[in-house]
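Residue numbers (my numbering), protein chains in the order written: chain A, 118 to 507; chain B, 1471 to 2050.
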């Protein structure tokens, strides 16, 4: 029987498949580097798919039930935060486009901010689920979560403003959904704005990006280069695009063509149809995911699902807004599409967790039907997420 | 919606999550719709400045058309284009400076000292040419070598495989591939073709990606042209011409071989020769094809045209006896004094031509009168372009009738008071050979006989040939006799007119001879014109030009396989002679 989890995972898999093709196309160069890179991408995509399957079979409530330092949540937070701090240490982080966001461990390079992003989603959901009764109170309800969120935003924001804004937005939305009062959160808007302004002033390249967004044609070879080349790629697509592989922009004109600006290449090569396919897949994930959240009967599962969906949806919208030059250029990847193997794996795993909510619900329904069949009254109503690892 | 949210109740948190979720998912969906609208907007109405960016992603290149070859009537390459490779150095790319010149020298066969010198002469230059035309084996060596700093640059060159053969006729091509002289220049529009054009996408580094499908305009290669020239006959003509000019220490000479029936020019030789492969080293005056660009006063060689027409117009009867005086001096009715080389006495009209009597021609010229003479001269095509289409051709000078004086009726019949080009007079002679049909000379090979213009009846033409045959066998052209073929021809020894003081130079001549053969069925006409031979060696046309012309026609007829009239034992002799 086709369940929401299947549709959700199918949409995610479709995006991953498109990602392999588009990253391959975007990496095309004169001379070329052969198939080695593509093989790596295929391996990452397969790993991401496996991660999604694993995620969909986890009992999220059981996994995050443990308290103290044995809780995987605490370990996740500690590891991701320390790694994020590590990128700030000179010599440790790999600098790309003037921002030090990458860590290299062996053959794998990844952005710790990605880990922080997902850790915070889980942490916020966990806190709200545990403190559901007192979330309307400021001091013992909202404040501890808010401090953690602020810490995350600060650590990530030092190098990656876009991701930290995303973390702040998703974190705040999960807190509201989890029972926090809107006016309590409002108190933190003025200092947040002040911090934002301060960070922009501290890092001049951000100011440049803002300026480039306001009028890219003032300096088309400098700060305006990115948005102009990105818009150019989009304009060249038309309804059906130039055809897969036939884009010109990827040949040195559009920087970050396989990562942050891959959507421009999709528009150029697959046209409006390609853009509709990608956006359609995200919309399927969002609406199907919302349906899963609605039927989920566990507070932690609901909030976790919501956080994951909002992260994917907002990040995708933000990335496309950057590509179409509607907001200033910032280093935000298109979820499941932009090249960067670890990003695919983590995002796919997170969507797998959303799917696991539906799997748990299905088990619960099955269990109830089974007990109905055996005429045995249900002693306990198993809640979503209580299914054991299958 | 968010503002309605009440503080969470344990029972209500599911609803709260769903509210926030719905609100955000709807919000993100709306955002996606807006972004899609933005994509459509960018595609339908892009900033016009973006268009200029698109242009900069494309480059165009000219596809040079291959220049058509010039081939002789049998397809032998007279002028052909091919790719040549220029070897050049880029000092910036050189790896090991110390061993570089030795390496290049050793591997490719250049003197390392020369290489060093050329490099030191142009410091900072990144394109130092060390060989303009790399030979095949050096190119192969270069390809094996793969030495950084040494490169080749392909370009199109024009080759003239036969060197100086028909050099002035063919002309030459400049460095940019444009025909600068001769047929190369005249036929440039046909030969050069039309260059093509491609527009190709390029990457940010300027490297070509692909050709845009609707922007490929292939080049149209130039058409090869088959000339009427026969390289074999041309080489015979050039060899014999050079021999005659050098033997008589003359200044210049031209030799023309024509097919009298088609007007095809089979050979057109000039001396001094010039090699189009190396045109810049020759004197510009040697580039000229003087067979059509220069004129001379023909003299006696002109007599057959007047003679034949006078016969046809019955101004003189072939058996009529004409008194050419025994003294060799005659005074015209207008008081002009004329001379023959010697007194011939009373001779018949045929012998007037055989002995080339000026006096006899003048007497009949007076009978014809100015108007008829003028018509005869024009009728044979003098004073007009021949229609050969050869570059630089001029029409020669025939004065219009009103400008004629009482001298003219005696001067014109012996080839004075007019000037002709070698091609004009050779062509006119073709009419006698071709049963009276005057054709336009042509430089293109033709497979059919063009419609000529009748100037003589076939009978008169045949009779003129017979008389001219006697001029060769017993008259002024005896030195043109061939063992293999009966020829007919006319000599000419014209003094050069002195344009400064009037009159003629006493010691400067144009010695000429035109002949056709075989007498029984003419196939070829050869005109030989030797300018200013050394009079101490010889100056009569019969001496200077006739033997060369005779050898050319004889060898050419043998080459063409014309049946000989010679007896078998003569043939053996001739074969021995040819072997020499």
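Even glycine gets a Cβ: it sits at the ideal position worked out from N, Cα and C. Keep in mind that this is a model prediction, so the values were computed, not measured.
| Are the C-beta atoms of residue 1518 of chain B and some chain A residue less than 7 Å apart? | no
| query | Is residue 1640 of chain B closer than 7 Å to residue 1737 of chain B when the C-beta atoms are compared? | reply | no
| request: For residue 500 of chain A, decide whether its Cβ has a neighbour in chain B, counting only Cβ atoms nearer than 7 Å. | output: In this prediction, residue 500 of chain A scores a pLDDT of 48, lower than 50, which makes its location untrustworthy; no coordinate-derived value is stated.
| Looking at chain A, which residues of the segment 1639-1663 of chain B have a Cβ within less than 8 Å of any of its Cβ atoms? | none
| task | Could you tell me how far apart the beta carbons of residue 396 of chain A and residue 1512 of chain B are, in whole angstroms, since I believe they sit closer than 8 Å? | result | Between residue 1512 of chain B and residue 396 of chain A the Cβ distance is about 15 Å, and since that is not below 8 Å, they are no contact.
| In chain order, what residues of the same chain have a beta carbon less than 7 Å from the beta carbon of residue 1573 of chain B, not counting five sequence neighbours either side? | 1617
| query | In angstroms, rounded to a whole number, what distance separates the CA positions of residue 1816 of chain B and residue 1791 of chain B? | reply | 6 Å
| task | Taking 7 Å as the cut-off, decide whether the C-beta atoms of residue 474 of chain A and residue 384 of chain A are in contact. | result | no
| task | May I ask you to report which of helix, strand or coil DSSP gives residue 1478 of chain B? | result | Summary for residue 1478 of chain B: the model assigns pLDDT 41, below 50, so the residue's position carries little reliability; its value from the coordinates is reported in the next sentence. Residue 1478 of chain B falls in the coil class under three-state DSSP.
| Distance between residue 425 of chain A and residue 477 of chain A (C-alpha atoms, nearest Å) | 17 Å
| request: Look up residue 1804 of chain B in the DSSP assignment and say whether it is helix, strand or coil. | output: coil
| task | Look up residue 1994 of chain B in the DSSP assignment and give the residues it is bridged to. | result | B:1987
| request: Run down chain A in chain order and give the residues with a C-beta less than 7 Å from the C-beta of residue 1671 of chain B. | output: 365
| In the DSSP assignment, what are the bridge partners of residue 1680 of chain B? | B:1671
| query | Along chain B, which residues have their Cβ under 9 Å away from the Cβ of residue 438 of chain A? | reply | 1501, 1504, 1505, 1508
| Neighbour list for residue 369 of chain A in chain B, Cβ cutoff strictly below 7 Å | 1673, 1674, 1675
| First and last residue of the beta strand (DSSP E) that includes residue 1555 of chain B? | 1547-1559
| Which whole-angstrom value describes the C-beta separation of residue 242 of chain A and residue 470 of chain A, a residue pair presumed to lie in contact below a C-beta threshold of 8 Å? | Actually they do not touch by this definition, with Cβ atoms about 10 Å apart.
| field | Inter-residue CB distance, residue 402 of chain A and residue 429 of chain A (contact presumed, cutoff 8 Å) | value | 6 Å
| query | With burial defined as no fewer than 16 other Cβ atoms inside 10 Å of the residue's Cβ, what is the status of residue 1754 of chain B: buried or exposed? | reply | exposed
| message | Using a Cβ-Cβ cutoff of 9 Å, what residues of the segment 275-292 of chain A are near chain B? List them in chain order. | response | 290, 291
| request: Could you please give the first and the last residue of the uninterrupted alpha helix (DSSP H) stretch that includes residue 1792 of chain B? | output: From DSSP, residue 1792 of chain B is part of no alpha helix (DSSP H) but of the beta strand (DSSP E) over 1791-1793.
| query | Grouping DSSP H, G and I as helix and E and B as strand, with all else coil, what is residue 1916 of chain B? | reply | coil
| task | Less than 8 Å between the CB atoms is what I'm expecting for residue 1637 of chain B and residue 1912 of chain B, so what's the real figure, rounded? | result | Not confirmed; about 20 Å, so no contact.
| task | For my contact list, residue 1674 of chain B and residue 342 of chain A are in at a C-beta cut-off of 8 Å; report their separation, rounded to the angstrom. | result | Going by Cβ atoms, the distance from residue 1674 of chain B to residue 342 of chain A rounds to 11 Å, so no, they are not a contact pair.
| query | According to a CB-to-CB cut-off of less than 9 Å, which residues of the segment 407-434 of chain A neighbour chain B? | reply | 407, 410, 411, 413, 414, 416, 419, 420, 422, 423, 426, 427, 430, 431, 433, 434
| said: For a cutoff of 7 Å on Cβ pairs, would you count residue 237 of chain A as touching chain B? | reply: no
| Got a sec, what are the start and stop residues for the beta strand (DSSP E) residue 1607 of chain B sits in? | No beta strand (DSSP E) holds residue 1607 of chain B; the alpha helix (DSSP H) holding it covers 1606-1615.
| residue 1961 of chain B - containing alpha helix (DSSP H), residue span | Premise fails: residue 1961 of chain B lies in the beta strand (DSSP E), 1958-1967, not in any alpha helix (DSSP H).
| chain B partners of residue 441 of chain A, CB-CB under 8 Å? | 1505, 1508, 1509, 1512
| Identity of the residues DSSP links to residue 1768 of chain B by a beta bridge | None; residue 1768 of chain B has no bridge partner.
| query | Closest Cβ-Cβ distance between residue 1486 of chain B and chain A: below 7 Å? | reply | yes
| task | Classify residue 1529 of chain B as helix, strand or coil using the three-state DSSP reduction. | result | strand
| said: Cutting at 8 Å between CB atoms, please list the residues of its own chain near residue 344 of chain A, excluding the five before and the five after it. | reply: 329, 330, 333, 442, 446
| said: With a threshold of 8 Å on Cβ separation, who are the neighbours of residue 1553 of chain B within its own chain once the five nearest residues in sequence on each side are excluded? | reply: 1624, 1625, 1626, 1627
| message | Counting only C-beta atoms, is residue 1498 of chain B closer than 7 Å to chain A at any point? | response | yes
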